[in-house]
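Written below as structure tokens is the structure these notes are about.
There are 2 protein chains.
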Amino acid sequence: MQTPFDHARLSLNQITTNRWSLAEALEGCLRAELPAIGIWRHKIADVGLKESRRLVRASGLHVSSVCRGGMFPAATAEERAARIEDNRRAIDEAAELEADTLVLVCGPTPDRDIRGARRMVEDAIAALVPYARERKVRMAIEPLHPMYAAERSCITSLEEANVLADKFDPDVVGIVVDVYHVWWDAMLEREVARARGRIRGFHACDWLVPTPDMLMSRGMMGDGCIDIHRILTLVEAAGYAGFIEVEILNQAIWDQPGDEVLQRMKERYLSCVLKPGPPNS
Amino acid sequence: MQTPFDHARLSLNQITTNRWSLAEALEGCLRAELPAIGIWRHKIADVGLKESRRLVRASGLHVSSVCRGGMFPAATAEERAARIEDNRRAIDEAAELEADTLVLVCGPTPDRDIRGARRMVEDAIAALVPYARERKVRMAIEPLHPMYAAERSCITSLEEANVLADKFDPDVVGIVVDVYHVWWDAMLEREVARARGRIRGFHACDWLVPTPDMLMSRGMMGDGCIDIHRILTLVEAAGYAGFIEVEILNQAIWDQPGDEVLQRMKERYLSCVLKPGPPNS
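Going down the list, the sequences are from chains A and B.
Be aware that the first sequence starts at 1, since it is given in our numbering, and climbs by one per residue.
Be aware that the second sequence starts at 1, since it is given in our numbering, and climbs by one per residue.
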């Protein structure tokens, strides 16, 4: 029989139940006896930060992350400044909700100069560090899968994220490891070890085979080809003991009743995240 | 005015004109005054190796590559042995056509154990080296984009390909650099330099934004976001002076008349491969 203790580290990233409002997601987590939630900024915006804070406090749930800051590269200095300013608002939100971390999806290259885009990311993070430190908010760079380099993030590998994060105070700038984005990497073991002391989040889902869509094909843990348990083992060996967020972008899952999704998520967390999972072939 | 000399290093990878048979592709290259072609095994199979050899010799064209060997990982030892045997036939074909290289697309992981799949790749290449050496065929590992890890190749980065190739004689096992597969990599400069003395091919196309399809969305050079010229510059700085193959998988391009595709390819080769290309934003 499962107890709440079995899921003491499990967090619902609320994009997994995208049809739910913030209030509905909090209620769903309470019904499922989950201890934590990852909150998206557009859901905060729907009800306002003050009401979001009230709802979160009333629920008693821990906020494992706010998703997402970032999107730094832009063609003009004005636009880049506007994006840094928007990230200050994201830091405010993470501070108000006492989130463990503000996840940074750093943004794609606006032209053919991906190296230039990467410098813009570094400059923007540098500009945000004092503000984040004052508000005691930890930002965390999430390297995204290389297939998103042109549309979501020019930071595409754990090695690259480590090189970037190394330039900053690890108390302010960390790393998020999402199995979907890094599972393919032959240097995963080396780079997870290198991220020791900086890992601020762990995201779980699965890579479906075949993959019909680049954005919306993330699967429930156990439905794909990622050895999630192994990556968790690496992350824990590097000192990470925080929440395990389930973040799934998948229309078929979004179309299912949220309570059912949370039940399956809890089962698969036990069978395919905390353990190696059954054979998949 | 363009002369054949302008395109002295340009090669048509025949998948770019997939509706053409081998004979048609050779004739198309001659009409376009291209010096070389990359040939696919299923096109060889359509007419047989002997006839393929006759056609190639009659054309006078150089064969820059045979595509493709590989697909090594499999669930059973019998199946892995069968794939190694099939790769011996690929080596025979590359030898008969006097190709510069046999491209290896190494194959996906058959289950959740991607590290196990990588060991199968290494074992298979080791098994093939003596046969390739005897026939004076150079094999070349093509790291594929990480989005293909579960369906086409578990060798997903240039660093990984370098680590693997380093285990073998560089006269027999080299590397192919395809801009589509590696452009996102922040460590590209380091890894291309490391591949010095092993680079056996350079493939060009472009990454379209947005990317509607994972397999069939490769674009004509200049239509996407890759700084192809920069990657060519890196490869040349690492000593590569061989052919530049244009390899495009895109239904819209396949549906165009082959002669028109070759003319556009020649223009873009001059404007977007040999030069940095116009702004794309």
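C-beta: ideal position from N, C-alpha, C; glycine also.
These numbers come from a predicted model, not from an experiment.
Exercise. Which of helix, strand or coil does DSSP assign to Glu-189 (chain B)?
Worked result: Position 189 of the second sequence, counted from the first residue, corresponds to residue 189 (chain B). DSSP, reduced to helix, strand and coil, places Glu-189 (chain B) within a helical segment of the structure shown.
For this session: Quick one: which residues of the stretch 148-167 of chain A get their C-beta closer than 7 Å to a C-beta of chain B? List them in chain order.
Result: Ala-149, Ala-150, Glu-151, Thr-156, Ser-157, Glu-159, Glu-160
For this session: Please confirm whether Ile-15 (chain B) and Leu-208 (chain B) have their CB atoms less than 8 Å apart.
Result: For the purposes of this step, residue 15 (chain B) is taken as residue 15 along the second sequence, with counting starting at 1. For the purposes of this step, residue 208 (chain B) is taken as residue 208 along the second sequence, with counting starting at 1. No, they are not a contact pair.
Exercise. Whole alpha helix (DSSP H) runs in the stretch 148-219 of chain B with 4 or more residues, listed along the chain?
Worked result: 158-165, 179-182, 188-194
Problem set entry | Contact with chain B by Met-214 (chain A), beta-carbon distance below 8 Å | For the purposes of this step, residue 214 (chain A) is taken as residue 214 along the first sequence, with counting starting at 1. Yes, because at least one Cβ of chain B sits closer than 8 Å to the Cβ of Met-214 (chain A).
Problem set entry | Buried versus exposed, by CB contacts within 10 Å (16 or more), Met-120 (chain B) | Taking the second sequence and counting its residues from 1, the one referred to as residue 120 (chain B) is at position 120. By the neighbour-count criterion, in which a residue is buried when 16 or more other Cβ atoms sit within 10 angstroms of its Cβ, Met-120 (chain B) is buried.
Exercise. Quick one: what's got a C-beta closer than 6 Å to Val-137 (chain A)'s C-beta in the same chain, skipping five residues either side?
Worked result: The sequence position of residue 137 (chain A) within the first sequence is 137, counting from 1. So the list reads Ile-91, Ala-94, Ala-95, Leu-102, once near-sequence residues are dropped.
Exercise. Going by beta carbon distance, what residues of the same chain come within less than 6 Å of Ile-231 (chain B), once the five residues before and after it are set aside?
Worked result: Residue mapping note: residue 231 (chain B) aligns to position 231 of the second sequence, counting from 1. Excluding residues within five positions, the ones whose Cβ falls inside 6 Å are Val-179.
For this session: Check the Cβ-Cβ distances between Thr-16 (chain A) and every residue of chain B, and say whether any is below 8 Å.
Result: Counting from one through the first sequence, the residue named residue 16 (chain A) turns up at place 16. Cβ-Cβ to chain B under 8 Å: no for Thr-16 (chain A).
For this session: From the DSSP output, in three-state form, read off Met-265 (chain A) for me.
Result: For the purposes of this step, residue 265 (chain A) is identified with residue 265 of the first sequence, where counting begins at 1. In the structure shown, Met-265 (chain A) sits in a helix (DSSP, three-state: H, G or I).
Exercise. DSSP three-state call for Val-235 (chain A): helix, strand or coil?
Worked result: For the purposes of this step, residue 235 (chain A) is taken as residue 235 along the first sequence, with counting starting at 1. Helix.
Exercise. Which residues of chain B have a Cβ atom closer than 9 Å to the Cβ of Asp-86 (chain A), listed in chain order?
Worked result: Taking the first residue of the first sequence as position 1, residue 86 (chain A) is located at position 86. Within chain B, no residue comes near Asp-86 (chain A); the closest Cβ sits about 21 Å away, beyond 9 Å.
For this session: Helix, strand or coil for Glu-245 (chain A), going by three-state DSSP, please let me know.
Result: Within the first sequence, the letter at position 245 stands for residue 245 (chain A). DSSP places Glu-245 (chain A) in strand when its eight states are reduced to three.
For this session: Pick out whichever of B:Cys-154, B:Pro-279, B:Leu-262 has its Cα sitting closest to the Cα of Cys-29 (chain B).
Result: Looking up residue 29 (chain B) in the second sequence gives position 29. Selected option, being the one with the closest Cα: B:Leu-262.
Problem set entry | Whole-angstrom C-beta distance between Leu-158 (chain B) and Val-182 (chain B), which should lie under 8 Å | As a position in the second sequence, residue 182 (chain B) is number 182, starting the count at 1. As a position in the second sequence, residue 158 (chain B) is number 158, starting the count at 1. Cβ atoms of Val-182 (chain B) and Leu-158 (chain B) come within 8 Å of each other, at about 5 Å.
Exercise. When you compare only the Cα positions, how much space is there between Ser-281 (chain B) and Asp-223 (chain B)?
Worked result: The residue labelled residue 281 (chain B) in the question sits at position 281 within the second sequence. The residue labelled residue 223 (chain B) in the question sits at position 223 within the second sequence. Because the pLDDT of Ser-281 (chain B) is 48, which lies under 50, any placement of that residue in the model is unreliable, and the number read from its coordinates should be weighed accordingly. Approximately 11 Å, taken between the alpha carbons.
Exercise. Just how far apart, CA to CA, sit Ser-11 (chain A) and Gly-197 (chain A)?
Worked result: Here residue 11 (chain A) refers to the residue found at position 11 of the first sequence. Here residue 197 (chain A) refers to the residue found at position 197 of the first sequence. Rounded to whole angstroms, Ser-11 (chain A) and Gly-197 (chain A) show a C-alpha spacing of 21 Å.
Exercise. Which residues in chain A sit within 8 Å of Ile-226 (chain B), going by Cβ to Cβ distance?
Worked result: Working through the second sequence from its first residue, we reach residue 226 (chain B) at position 226. Those are Arg-112, listed as they occur along chain A.
Exercise. Would Val-285 (chain A) pass as a contact of Val-173 (chain A) if the rule is Cβ separation under 8 Å?
Worked result: Here chain A has residues from 1 to 281 only, and residue 285 (chain A) is not among them.
Exercise. Per DSSP, Cys-67 (chain A) forms a beta bridge with which residues?
Worked result: Against the first sequence, residue 67 (chain A) aligns to sequence position 67. Beta-bridge pairing links Cys-67 (chain A) to A:Trp-40, A:Val-103.
Problem set entry | Three-way DSSP call (helix, strand, coil) for Ser-271 (chain A) in this model | Taking the first sequence and counting its residues from 1, the one referred to as residue 271 (chain A) is at position 271. Helix at Ser-271 (chain A).
Problem set entry | Local Cβ density within 10 Å of Arg-57 (chain A), reported as buried at 16 or more and exposed below that | For this step, residue 57 (chain A) is matched to residue 57 along the first sequence. Arg-57 (chain A) is exposed by the Cβ-count criterion.
Exercise. Should Pro-4 (chain B) be labelled buried (16 or more other beta-carbon atoms within 10 Å of its own) or exposed?
Worked result: Reading the second sequence from its first residue, position 4 is the one you call residue 4 (chain B). Under this definition Pro-4 (chain B) is an exposed residue.
Exercise. Would you say Ala-186 (chain B) reaches chain A, if we count a Cβ-Cβ gap shorter than 8 Å as a contact?
Worked result: Walking along the second sequence from the start, residue 186 (chain B) turns up at place 186. With 8 Å as the cut-off, Ala-186 (chain B) counts as an interface residue toward chain A.
Problem set entry | Trp-254 (chain A) to Glu-78 (chain B) span [Cα, whole Å] | The residue labelled residue 254 (chain A) in the question sits at position 254 within the first sequence. The residue labelled residue 78 (chain B) in the question sits at position 78 within the second sequence. Cα to Cα, Trp-254 (chain A) sits roughly 42 Å from Glu-78 (chain B).
Exercise. I think Glu-27 (chain B) touches Val-63 (chain B), with their Cβ atoms under 8 Å apart; what is that distance to the nearest whole Å?
Worked result: Residue 27 (chain B) sits at position 27 when you count from the first residue of the second sequence. Residue 63 (chain B) sits at position 63 when you count from the first residue of the second sequence. Incorrect: roughly 15 Å between the Cβ atoms, too far for contact.
Exercise. Ends of the alpha helix (DSSP H) at Ile-253 (chain B)?
Worked result: As a first step, residue 253 (chain B) must be located in the second sequence, where it is residue number 253. Unbroken alpha helix (DSSP H) run through Ile-253 (chain B): 251-254.
Exercise. Since Ser-11 (chain B) is in the beta strand (DSSP E), which residue starts that stretch and which ends it?
Worked result: For this step, residue 11 (chain B) is matched to residue 11 along the second sequence. Where Ser-11 (chain B) is concerned, the enclosing beta strand (DSSP E) stretches over 10-13.
Exercise. Helix, strand or coil: which one does DSSP assign to Met-120 (chain B)?
Worked result: The residue given as residue 120 (chain B) occupies position 120 in the second sequence. Reduced to three states, the DSSP call for Met-120 (chain B) is helix.
Exercise. In three-state DSSP terms, what is Ile-84 (chain A)?
Worked result: Against the first sequence, residue 84 (chain A) aligns to sequence position 84. Helix at Ile-84 (chain A).
Exercise. Candidates A:Thr-109, A:Ile-228, A:His-42, A:Gly-38: which alpha carbon is nearest Phe-72 (chain A)'s?
Worked result: Residue numbering aside, residue 72 (chain A) sits at position 72 when the first sequence is read from its first letter. Ranking the options by Cα distance to Phe-72 (chain A), first place goes to A:Thr-109.
For this session: Pull out every residue of the stretch 100-132 of chain B whose Cβ sits closer than 9 Å to any Cβ of chain A, in chain order.
Result: Pro-108, Thr-109, Pro-110, Asp-111, Arg-112, Asp-113, Ile-114, Arg-115, Arg-118
Exercise. Looking only at its own chain, which residues have a Cβ that is under 8 Å from the Cβ of Trp-20 (chain B), when we skip the five neighbours before and after it?
Worked result: Residue mapping note: residue 20 (chain B) aligns to position 20 of the second sequence, counting from 1. Around Trp-20 (chain B), the same chain offers Gln-14, Gly-28, Gly-258 as residues with beta carbons nearer than 8 Å, after the five sequence neighbours per side are excluded.
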